[in-house]
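Here the structure is laid out as structure tokens; the discussion comes afterwards.
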Amino acid sequence: MSKSHTEHAFETAIEHYLTTSGGYEKGDGEAFDRERCLFPKDVLSFIQETQPKEWEYLKNLQKDKAEETVLDDLSRALNSEHEGCLMVLRHGFKCFGKLFLAAYFAPASGLNPDTQKLYDANRLCITRQLRYSNRHGNTLDVTLSLNGIPVATGELKNPMTGQNWRHAIAQYKNDRDQADLIFQFKKRTLVHFAVDTDEVYMTTRLSGRNTYFLPFNRGNGGGAGNPENPGGNRTAYLWEVALERHSLLDILARFIHLQVEEKKLGGKKVKRESMIFPRYHQLDCVRRLIGDTRERGAGTNYLVQHSAGSGKSNSIAWLAHRLASLYDSSDEKVFDSVIVVTDRVVLDQQLQNTIYQFEHKQGVVQKIDIDSAQLAGALVTGVPIVVTTLQKFPFVTDKIEGLPKRTYTVIIDEAHSSQGGETATELKGVLSEAVVREEAAKYNAGEELPDYEEEIIRTMLKRGHQPNISFFAFTATPKYKTLEVFGQPGAEGKPQPFHLYSMRQAIEEHFILDVLQNYTTYKTYYRLIKSIEDDPEVDKRKAARALARFMSFHPHNIAQKTEVMVEHFRHFTIHKIGGR
-16 MSKSHTEHAF ETAIEHYLTT SGGYEKGDGE AFDRERCLFP KDVLSFIQET QPKEWEYLKN
44 LQKDKAEETV LDDLSRALNS EHEGCLMVLR HGFKCFGKLF LAAYFAPASG LNPDTQKLYD
104 ANRLCITRQL RYSNRHGNTL DVTLSLNGIP VATGELKNPM TGQNWRHAIA QYKNDRDQAD
164 LIFQFKKRTL VHFAVDTDEV YMTTRLSGRN TYFLPFNRGN GGGAGNPENP GGNRTAYLWE
224 VALERHSLLD ILARFIHLQV EEKKLGGKKV KRESMIFPRY HQLDCVRRLI GDTRERGAGT
284 NYLVQHSAGS GKSNSIAWLA HRLASLYDSS DEKVFDSVIV VTDRVVLDQQ LQNTIYQFEH
344 KQGVVQKIDI DSAQLAGALV TGVPIVVTTL QKFPFVTDKI EGLPKRTYTV IIDEAHSSQG
404 GETATELKGV LSEAVVREEA AKYNAGEELP DYEEEIIRTM LKRGHQPNIS FFAFTATPKY
464 KTLEVFGQPG AEGKPQPFHL YSMRQAIEEH FILDVLQNYT TYKTYYRLIK SIEDDPEVDK
524 RKAARALARF MSFHPHNIAQ KTEVMVEHFR HFTIHKIGGR
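Note that my numbering numbers the sequence shown so that position 174 is 157, with each residue one more than the last.
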């Protein structure tokens, strides 16, 4: 077979792109320290170049042991249960009382040129066929490292050799031991890619045969997979977009995070940790929204139509953090505050935990859980991210008359819910400092407000364009009027979402079930039950009770209906063929 069709050629193509156009250097597998699971030369050269004062201090103390000392302390921090790779990359590690940074990430603005120089000093490397352990001779097709610390791995397959991404996943599950330091959760590599020329899958935790991989595909025509790429492989976006130097640094700095969930089992609290790496549609959505907002500034509405199973909570958290620290091309801050409107109580804590990992400080997120005065105080004092709900968001215009003119962005979780109307009305009234007397009077008198969609439209038309407020509406199933209010004009002039992750793609990627696969009309089921009732060998009372039970279920409880239907269809079939 031609070399151009082998996995070796696939590796070569990826390496060539990343080292010529992607901002990487070619890594040296022979220089890898398998005990520490580091590239020592890269670690030391980065520290010596970017932190000369700290290095000089350590050198004076440790003399010729300085290099071993800093490598040992870095390894200890990476292996720590309370620190780990992601924390070390973002916040550094201690060595003899000094803080050493393991990486520098892009500043939010260009106001400090020194920070930009430090960011430029980051060294990303791609190493092929890395032997990563002294316990065996296994090698990894591709390993990506940042300043000597391995952060990502990839197993590549070429369908022309009879193998694909499924074989790569099987290799990770069966041939990669999670006990090897390079794979240990949180301690070294943070994500693993199973790649062929058509599709990409990823995981952040190896657990043998229980390892769970998520799709990292762009979607194709509204469904799963990837579209044709006239310029190369369907999966070229992985190394040309997602893993390109600035993109990977951005993901490490502002996307990937550790999610901690605590649950009670048998009276005991059980903590479960998950490393969250963005799926491709999440990465693309947040970046496109930020890019468009940076260019347009405040005053634009956006609709994000992401199906159930899209990871909307994380997308909202990432977007809120980015918007709160967004600067335009003139290095002017775009928004004074970000307000997240949601009825999901879990989103508040998730936002706080996620953003704390980015900022490493408290007070960035404030939940409004008392009254409107608390909201007014948060806006006046400039709290970066405010989280509120419909129930805790009354009309507060009178309480903040002295609020100075500022710019705001409002993220609405599920625009098609009640938040879309009443909350949007209240928000516009508050943030534009216009008193909504008519609506307030109706609200206080207990009168029923109009349908939320009509309320939004009426409010938008009444107040017109609000140049100091941007709305970002997230919903899985927008109605047409929601599209009109928040959507963008399409090619034919019809409104459409700014970003789409369709229900079809979610179904095909197995994040939600296709209920239509188990759908049976009442008419069909009635005929089935009727035929059973007419059969003298079937107990009519049982058949009648079965039909009554079926009809009593809620129309949306298809799973229960299907279970009953299958049960009695089986009973019917056995009698018809003479079985007992």
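Where is the CB? At the ideal position from N, CA and C, for every residue including glycine.
All of these numbers come straight from a predicted model, not from anything done at the bench.
Taking Cβ positions, are residue 115 and residue 101 nearer each other than 7 Å?
What you label residue 115 is simply residue 132 of the sequence shown in a count that begins at 1. What you label residue 101 is simply residue 118 of the sequence shown in a count that begins at 1. Against a cut-off of 7 Å, the Cβ pair of residue 101 and residue 115 comes out as no contact.
Below 8 Å, how does it come out for the segment 192 to 203 and the segment 246 to 258: are there three or more Cβ pairs, yes or no?
no
Is residue 366 helix, strand or coil when you go by DSSP?
Here the question's residue 366 lines up with position 383 in the sequence shown. Reduced to three states, the DSSP call for residue 366 is coil.
Would you grab the beta carbon distance between residue 124 and residue 138 for me? Rounded to a whole angstrom, and I think it's under 8 Å.
Taking the sequence shown and counting its residues from 1, the one referred to as residue 124 is at position 141. Taking the sequence shown and counting its residues from 1, the one referred to as residue 138 is at position 155. With a Cβ gap of about 5 Å, residue 124 and residue 138 count as contacting.
Taking 8 Å as the threshold, find out whether the segment 267 to 282 comes into contact with the segment 295 to 314 through three or more Cβ pairs.
With a cut-off of 8 Å, the segment 295 to 314 and the segment 267 to 282 count as touching, because enough Cβ pairs lie within range.
Roughly how many whole angstroms lie between the Cα atoms of residue 56 and residue 179?
Within the sequence shown, the letter at position 73 stands for residue 56. Within the sequence shown, the letter at position 196 stands for residue 179. When rounded, the distance between both Cα atoms is 38 Å.
Starting from residue 284, trace the beta strand (DSSP E) in both directions and tell me its first and last residue.
What you label residue 284 is simply residue 301 of the sequence shown in a count that begins at 1. 284 to 289 is the span of the beta strand (DSSP E), which, as asked, contains residue 284.
Taking the straight line between their C-alpha atoms, what separation do you get for residue 564 and residue 191?
Outside the displayed span of the chain (-16 to 563) sits residue 564, for which this structure offers no information.
Spell out the partners DSSP gives residue 203 in its beta bridges.
Residue mapping note: residue 203 aligns to position 220 of the sequence shown, counting from 1. Answer is 206.
Please classify residue 427: does DSSP put it in a helix, a strand, or coil?
Residue mapping note: residue 427 aligns to position 444 of the sequence shown, counting from 1. Summary for residue 427: the model assigns pLDDT 45, below 50, so the residue's position carries little reliability, and this model does not support an answer.
Throw me the rounded Cβ distance for the residue 155 and residue 135 pair, which I believe falls under 8 Å.
Within the sequence shown, the letter at position 172 stands for residue 155. Within the sequence shown, the letter at position 152 stands for residue 135. Not really, about 13 Å apart at Cβ, beyond 8 Å.
Return the chain-ordered list of same chain residues with a C-beta closer than 7 Å to the C-beta of residue -6, the five sequence neighbours on each side being excluded.
Here residue -6 is taken as the residue at index 11 of the sequence shown, counted from 1. The residues are 111, 124, 125 and 139.
With distances taken between CB atoms, is the gap from residue 20 to residue 53 smaller than 7 Å?
Taking the first residue of the sequence shown as position 1, residue 20 is located at position 37. Taking the first residue of the sequence shown as position 1, residue 53 is located at position 70. No, Cβ-Cβ distance for residue 20 and residue 53 is not below 7 Å.
When the distance is taken between beta carbons, is residue 7 closer than 7 Å to residue 109?
Position 126 of the sequence shown, counted from the start, is the residue given in the question as residue 109. Position 24 of the sequence shown, counted from the start, is the residue given in the question as residue 7. Closer than 7 Å, so yes.
Rounding to the nearest angstrom, what Cα-Cα distance links residue 237 and residue 341 in this structure?
One-based indexing of the sequence shown puts residue 237 at position 254. One-based indexing of the sequence shown puts residue 341 at position 358. So the two alpha carbons sit approximately 6 Å from each other.
On a CA-only basis, which of 392, 33 and 196 is nearest residue 281? Give me that one, please.
The residue labelled residue 281 in the question sits at position 298 within the sequence shown. The shortest Cα separation from residue 281 among 392, 33 and 196 belongs to 392.
Out of 167, 290 and 364, which has the shortest C-alpha to C-alpha gap to residue 459?
Here the question's residue 459 lines up with position 476 in the sequence shown. Checked all of 167, 290 and 364; the closest Cα to residue 459 is 290.
Taking C-alpha atoms, which residue in 346, 182 and 66 lies nearest to residue 222?
Position 239 of the sequence shown holds residue 222. The shortest Cα separation from residue 222 among 346, 182 and 66 belongs to 182.
I need the straight-line Cα distance from residue 27 to residue 50, nearest angstrom please.
The residue given as residue 27 occupies position 44 in the sequence shown. The residue given as residue 50 occupies position 67 in the sequence shown. Using only the alpha carbons, I get a separation of about 7 Å.
Given residue 94, which residues of its chain have a CB within under 6 Å of its CB, disregarding the five upstream and five downstream residues?
Mapped onto the sequence shown, residue 94 falls at position 111. Cβ within range, chain order: 314.
Which of the three DSSP states is assigned to residue -6 in this structure?
By 1-based counting over the sequence shown, the position of residue -6 is 11. The answer is helix: DSSP assigns residue -6 an H, G or I state.
Suppose only complete runs of 3+ residues qualify. What are the beta strand (DSSP E) ranges in the segment 178 to 264, listed by chain order?
183 to 186, 240 to 248 and 251 to 259
Could you name the residues of the same chain whose beta carbon sits closer than 6 Å to that of residue 24, not counting the 5 residues immediately before and after it, in chain order?
Start at 1 with the first residue of the sequence shown, and residue 24 comes out as number 41. Same-chain partners within the cutoff: 14.
For the alpha helix (DSSP H) that contains residue 28, what are its first and last residues?
Counting from one through the sequence shown, the residue named residue 28 turns up at place 45. Element bounds for residue 28: 23 to 33.
Count the other C-beta atoms from every protein chain shown that fall within 10 angstroms of the C-beta of residue 169, then say buried if there are 16 or more, exposed otherwise.
In the sequence shown, counting from the first residue as 1, residue 169 sits at position 186. Looking at its Cβ environment, which holds 16 or more other Cβ atoms inside 10 Å, residue 169 is buried.
Are the CB atoms of residue 302 and residue 481 within a distance shorter than 7 Å?
Walking along the sequence shown from the start, residue 481 turns up at place 498. Walking along the sequence shown from the start, residue 302 turns up at place 319. No, these two residues do not count as a Cβ contact at 7 Å.
Could you check the C-alpha separation between residue 83 and residue 186 for me, to the nearest Å?
The sequence position of residue 83 within the sequence shown is 100, counting from 1. The sequence position of residue 186 within the sequence shown is 203, counting from 1. Rounded to whole angstroms, residue 83 to residue 186 spans 29 Å at the Cα level.
For residue 469, report the span of its alpha helix (DSSP H) as first-last.
Translated into positions along the sequence shown, residue 469 becomes position 486. Note, residue 469: alpha helix (DSSP H), 463 to 469.
Would you list the one or two residues that DSSP bridges to residue 484?
As a first step, residue 484 must be located in the sequence shown, where it is residue number 501. According to DSSP, which records beta bridges pairwise, residue 484 is partnered with 289.
Beta carbon of residue 288, beta carbon of residue 483: below 7 Å?
As a first step, residue 288 must be located in the sequence shown, where it is residue number 305. As a first step, residue 483 must be located in the sequence shown, where it is residue number 500. For the pair residue 288 and residue 483, the CB atoms are nearer than the 7 Å cut-off.
Closest by CA to residue 219, which one among 263, 232 and 242?
As a first step, residue 219 is located in the sequence shown; it is residue number 236 there, counting from the start. Nearest option by C-alpha distance: 263.
Let me know the alpha helix (DSSP H) ranges lying completely inside the segment 72 to 115, each 4 residues or longer, listed in chain order.
96 to 103
Along the beta strand (DSSP E) that carries residue 124, what are the first and last residues, could you check?
Within the sequence shown, numbered from 1, the residue matching residue 124 stands at position 141. 122 to 129 is the span of the beta strand (DSSP E), which, as asked, contains residue 124.
Going by Cα to Cα distance, which pick from 132, 66, 175 and 317 is closest to residue 12?
Taking the first residue of the sequence shown as 1, we reach residue 12 at position 29. Here the closest residue by C-alpha is 132.
Tell me where the alpha helix (DSSP H) around residue 50 begins and ends.
As a working note, residue 50 is residue 67 in the sequence shown. Where residue 50 is concerned, the enclosing alpha helix (DSSP H) stretches over 49 to 62.
Of the choices 364, 456, 339 and 369, whose alpha-carbon is the least far from that of residue 396?
In the sequence shown, counting from the first residue as 1, residue 396 sits at position 413. Answer by Cα proximity: 456.
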